[in-house]
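To start, the structure under review is shown below, and the notes come after it.
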C-alpha cells in the first residue's frame with residue numbers, strides 16, 4: 001500500500017497524484033450524527049470510533065465465527081477490537097482490509113498490519129492519539145479535506161444541531177441536512193399514528209388526512225431548505241408497481257392506515273399511497289431544485305431473531321429482489337407530471353448495472369448541461385475493488401462516464417473518508433488502463449478534466465452546491 005497503491009499504469013499515477021489526490025471531498029450521503037459534529041465529540045478509543053455502529057465490520061467478525069458478545073455484546077472495548085484484529089488477516093479480498101489499513105495510515109500514521117501480533121501496539125498507539133484534541137470530530141473532518149457533508153435526517157427531526165453548525169463561523173465545512181422521508185410512507189407498519197403526531201408537532205400541523213400531511217411535509221421542506229438542504233434520499237425496499245395517483249384512493253388508504261395503525265392496509269393501498277405521495281414530493285423537490293436519491297433493492301432484517309434482539313442496521317440486511325420495471329414506472333410517472341427532479345439511482349444488486357445504465361438514457365431531458373438521471377457509485381455490498389470497477393465500466397459502456405458523480409461514504413464513521421481515496425485510485429486506474437490500451441487518446445487536458453469533474457465538479461454542479469458554507 002505504497003503511494004502507487006492500485007495505480008497500475010503511469011497514466012493512472014499521473015492522473016491520481018497530479019489531479020485527483022488533493023481535491024476536496026463532497027460527501028453528499030452519509031449517516032454520521034450531526035450532534036457529534038456540533039459538540040465536537042472526542043472518542044476514547046479505536047473501538048468507539050470504528051466498531052460502535054459499523055455493521056460492515058460486525059458482519060465480518062460474525063462471519064469468522066466470533067461470538068456476538070465481542071460484536072454488540074458486553075465484552076470490553078479492548079476485547080471487541082482484539083476480535084476484529086484476529087479476523088483481519090483472514091479478510092483477504094475484502095475491502096475492509098484496505099479501508100482499515102488506509103485509515104490507520106492516514107489518521108494515525110501507523111503502517112503496522114493489524115492482526116493478533118500487533119493488536120496491543122495499535123490499541124495503545126490509537127488510544128494515545130485519540131486523547132489529543134487534534135482527533136476531535138471536527139478536526140477529523142477538516143483533516144480529511146471535507147468541503148461539504150450531508151447527513152441523513154427525518155422530516156420530524158428538530159435539526160437543532162444543523163442550526164448550531166450553520167451559525168458557527170469557526171467551522172468551515174458546510175454540514176447540510178438531507179431529507180429522508182421513508183417513515184412517512186410506512187402506512188402498512190405499526191407506529192404510523194405516533195410518527196404522524198411527531199411530524200405534525202414539528203410542522204405545527206395536525207395531521208389527520210392527506211391534505212394536512214402534505215402541508216406538514218411542505219413546511220418541513222422549507223425548514224430543511226433554509227438550512228442548505230439540496231437532496232432527498234429514499235430507501236425503496238418494497239417495489240409496488242407505481243400508478244397514476246388517484247386522489248380518492250390515496251385519501252382512502254391513509255384513512256384505513258390511521259384507523260388501524262397500518263394493520264388493515266393492503267398491498268394495493270400501499271401502492272396507491274406511495275405513488276401519490278412520491279408524485280407530490282417530486283413536485284416539491286423540483287420546485288426547490290433538490291436532487292432525489294433512490295436506494296433500492298435491500299431485503300431488510302433477514303434474520304428475524306437477531307432483528308428482535310438488536311433492531312435495524314445491525315448487519316442483517318442483504319441483496320433483495322429488485323424490480324426495475326417499478327422504478328421505470330416511478331420515473332415515468334414523475335416525468336409525465338412534469339416533475340421529475342434530478343435523480344440518482346443506486347441498486348444494491350450489481351446485476352442491475354446494465355439495466356440502470358440503459359434506463360438512464362430514457363429520461364435525459366434536462367438540456368442544462370447535466371444529466372437529469374444518473375447512476376450513483378457502487379453502493380453498499382458493491383463498493384469493493386471489483387464492484388467499483390465493474391460499475392464504472394458498465395456506466396461508461398452505456399452512458400456518459402464524464403458526467404459520473406463520484407463517491408460518497410454512506411458511513412457512520414468520521415474516519416471513513418479514505419473510501420474516497422480508494423474510489424479515486426480505482427477511477428484513475430480504470431481511466432489509465434483505457435488510455436494505455438489504446439482505447440482513448442493521451443489527451444491530458446481532457447483526461448485531467450474528466451478526472452477532476454468525476455471526483456468533485458460534477459457533484460458540485462449536479463446538487464447546485466456552493467463551496468464550503470457558501471450557499
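In this note's numbering, the protein residues as written are 1 to 471. Where a beta carbon is used, it is the ideal one built from N, C-alpha and C, also for glycine.
Proximity below 8 Å, CB of residue 223 to CB of residue 215: Here residue 223 is taken as the residue at index 223 of the chain shown, counted from 1. Here residue 215 is taken as the residue at index 215 of the chain shown, counted from 1. Not a contact, by the Cβ cut-off of 8 Å.
Beta-carbon contacts of residue 8 that lie in its chain and below 6 Å, excluding the five residues immediately before and after: Mapped onto the chain shown, residue 8 falls at position 8. For residue 8, the CB contacts under 6 Å within the same chain, skipping 5 residues up- and downstream, are 429 in chain order.
Opposing strand residues paired with residue 342 [DSSP bridges]: Counting from 1 along the chain shown, the entry for residue 342 is found at position 342. Beta-bridge pairing links residue 342 to 291.
Straight-line gap, residue 423 to residue 101 (C-alpha atoms, nearest Å): Here residue 423 refers to the residue found at position 423 of the chain shown. Here residue 101 refers to the residue found at position 101 of the chain shown. A direct Cα-to-Cα measurement between residue 423 and residue 101 gives close to 15 Å.
Within 8 Å, strictly: CB atoms of residue 173 and residue 30: Stepping through the chain shown from its first residue, residue 173 is reached at position 173. Stepping through the chain shown from its first residue, residue 30 is reached at position 30. Contact flag unset, no.
DSSP state of residue 3 mapped onto helix, strand, coil: Within the chain shown, residue 3 is the residue found at index 3, counting from 1. It is coil, neither helix nor strand.
6 Å Cβ shell around residue 399 - same chain, five flanking residues per side excluded: Here residue 399 refers to the residue found at position 399 of the chain shown. These residues qualify, in order along the chain: 357 and 360.
Three-state class that DSSP yields for residue 88 in the structure shown: Your numbering for residue 88 matches position 88 in the chain shown. Helix, per DSSP.
Alpha-carbon spacing of residue 40 relative to residue 377, whole angstroms: Translated into the one-based positions of the chain shown, residue 40 becomes position 40. Translated into the one-based positions of the chain shown, residue 377 becomes position 377. The straight-line gap from Cα to Cα measures roughly 29 Å.
Close Cβ partners of residue 279 (< 8 Å) along its chain, the five nearest in sequence each way excluded: Here the question's residue 279 lines up with position 279 in the chain shown. So the list reads 245, 333, 334, 337 and 339, once near-sequence residues are dropped.
Buried or exposed by the 16-neighbour rule on C-beta atoms within 10 Å, applied to residue 367: Reading the chain shown from its first residue, position 367 is the one you call residue 367. Exposed, by the Cβ-count rule.
Proximal residues to residue 164 (C-beta, below 8 Å), its chain only, five neighbours per side dropped: Position 164 of the chain shown, counting from 1, holds the residue named residue 164. Contacts found: 38.
Assigned secondary structure, residue 210 (DSSP; H/G/I helix, E/B strand, else coil): As a first step, residue 210 is located in the chain shown; it is residue number 210 there, counting from the start. Looking at residue 210 - three-state DSSP - the assignment turns out to be helix.
Backbone secondary structure at residue 231 - three-state DSSP: Taking the chain shown and counting its residues from 1, one reaches residue 231 at position 231. In the structure shown, residue 231 sits in a strand (DSSP, three-state: E or B).
Proximity of residue 297 and residue 189 at Cβ, strictly below 8 Å: In the chain shown, residue 297 corresponds to position 297, counting from 1. In the chain shown, residue 189 corresponds to position 189, counting from 1. Taking 8 Å as the Cβ cut-off, residue 297 and residue 189 do not qualify as a contacting pair.
Local Cβ density within 10 Å of residue 439, reported as buried at 16 or more and exposed below that: For this step, residue 439 is matched to residue 439 along the chain shown. Residue 439 counts as exposed, since fewer than 16 other beta carbons sit within 10 angstroms of its beta carbon.
Those residues which DSSP pairs with residue 153 across a bridge: The sequence position of residue 153 within the chain shown is 153, counting from 1. Answer by DSSP bridge pairing, in chain order: 179.
Residues of its chain near residue 107, where Cβ-Cβ distance is below 6 Å and the 5 sequence neighbours each way are ignored: Your numbering for residue 107 matches position 107 in the chain shown. Contacts found: 415.
CB-CB length for residue 187 against residue 253, believed under 8 Å: The sequence position of residue 187 within the chain shown is 187, counting from 1. The sequence position of residue 253 within the chain shown is 253, counting from 1. Their Cβ separation, rounded to whole angstroms, is 6 Å, which keeps residue 187 and residue 253 in contact under 8 Å.
7 Å Cβ shell around residue 471 - same chain, five flanking residues per side excluded: Along the chain shown, read from residue 1 onward, the residue named residue 471 stands at position 471. Its pLDDT being 44, under 50, residue 471 is placed unreliably by the model, and nothing is read from it.
Start and end residues, alpha helix (DSSP H) containing residue 394: Along the chain shown, read from residue 1 onward, the residue named residue 394 stands at position 394. Taken as a continuous stretch (DSSP letters only), the alpha helix (DSSP H) holding residue 394 covers 385–398.
Nearest-angstrom Cβ-Cβ length linking residue 54 and residue 412, presumed shorter than 8 Å: Along the chain shown, one-based indexing puts residue 54 at 54. Along the chain shown, one-based indexing puts residue 412 at 412. So it is a contact: roughly 6 Å between Cβ atoms.
Pair within 8 Å by beta-carbon distance, residue 290 and residue 231: Taking the chain shown and counting its residues from 1, one reaches residue 290 at position 290. Taking the chain shown and counting its residues from 1, one reaches residue 231 at position 231. Yes; because the gap between Cβ atoms is below 8 Å, this pair is in contact.
Spatially closest choice to residue 36 from 393, 161, 457 and 131, by CA coordinates: Your numbering for residue 36 matches position 36 in the chain shown. Of 393, 161, 457 and 131, the residue nearest in Cα terms is 161.
Coil, strand or helix - residue 347 by DSSP: As a first step, residue 347 must be located in the chain shown, where it is residue number 347. DSSP places residue 347 in strand when its eight states are reduced to three.
Terminal residues of the beta strand (DSSP E) in which residue 243 lies: Looking up residue 243 in the chain shown gives position 243. No beta strand (DSSP E) holds residue 243; DSSP gives it neither H nor E.
For residue 485, the nearest candidate out of 383, 380 and 362 (CA to CA): For the chain, the structure presents residues 1 to 471; residue 485 sits outside this window and is missing.
Residues of its chain near residue 243, where Cβ-Cβ distance is below 6 Å and the 5 sequence neighbours each way are ignored: Mapped onto the chain shown, residue 243 falls at position 243. For residue 243, where only same-chain residues beyond five positions count, the Cβ hits under 6 Å are 275.
Cutoff 7 Å; reference residue 466; Cβ partners in own chain excluding five residues on either side: For the purposes of this step, residue 466 is taken as the residue at position 466 of the chain shown. There are no such residues.
Chain-order list of residues whose beta-carbon lies under 6 Å from that of residue 88 (same chain, five-residue window excluded): Locating residue 88 in the chain shown gives position 88, where the first residue counts as 1. Non-local beta-carbon contacts of residue 88 in its own chain, meaning distances under 6 Å to residues more than five positions away in sequence, involve 114 and 115 in chain order.
Coil, strand or helix - residue 471 by DSSP: Taking the chain shown and counting its residues from 1, the one referred to as residue 471 is at position 471. Note that residue 471 scores 44 on pLDDT, short of 50, meaning its location in the model is unreliable; the coordinates nonetheless yield the value given after this. The three-state secondary structure of residue 471, taken from DSSP, is coil.
Proximity of residue 159 and residue 184 at Cβ, strictly below 8 Å: On the chain shown, residue 159 is found 159 positions in, with the first residue counted as 1. On the chain shown, residue 184 is found 184 positions in, with the first residue counted as 1. It is not a contact, given that the beta carbons lie outside the stated cut-off.
Assigned exposure category for residue 103 - 16 Cβ within 10 Å defines buried: The residue labelled residue 103 in the question sits at position 103 within the chain shown. By the neighbour-count definition (other C-beta atoms within 10 Å, threshold 16), residue 103 is a buried residue.
Alpha-carbon spacing of residue 258 relative to residue 303, whole angstroms: Looking up residue 258 in the chain shown gives position 258. Looking up residue 303 in the chain shown gives position 303. C-alpha separation (whole angstroms): 29 Å.
Residue 408 - partner residues in DSSP beta bridges: Counting from 1 along the chain shown, the entry for residue 408 is found at position 408. Bridge partners of residue 408: none, in fact.
For residue 25, the first and last residue of its enclosing beta strand (DSSP E): Numbered from 1 along the chain shown, position 25 holds the residue referred to as residue 25. According to the DSSP assignment, residue 25 belongs to the beta strand (DSSP E) that extends over 25–27.
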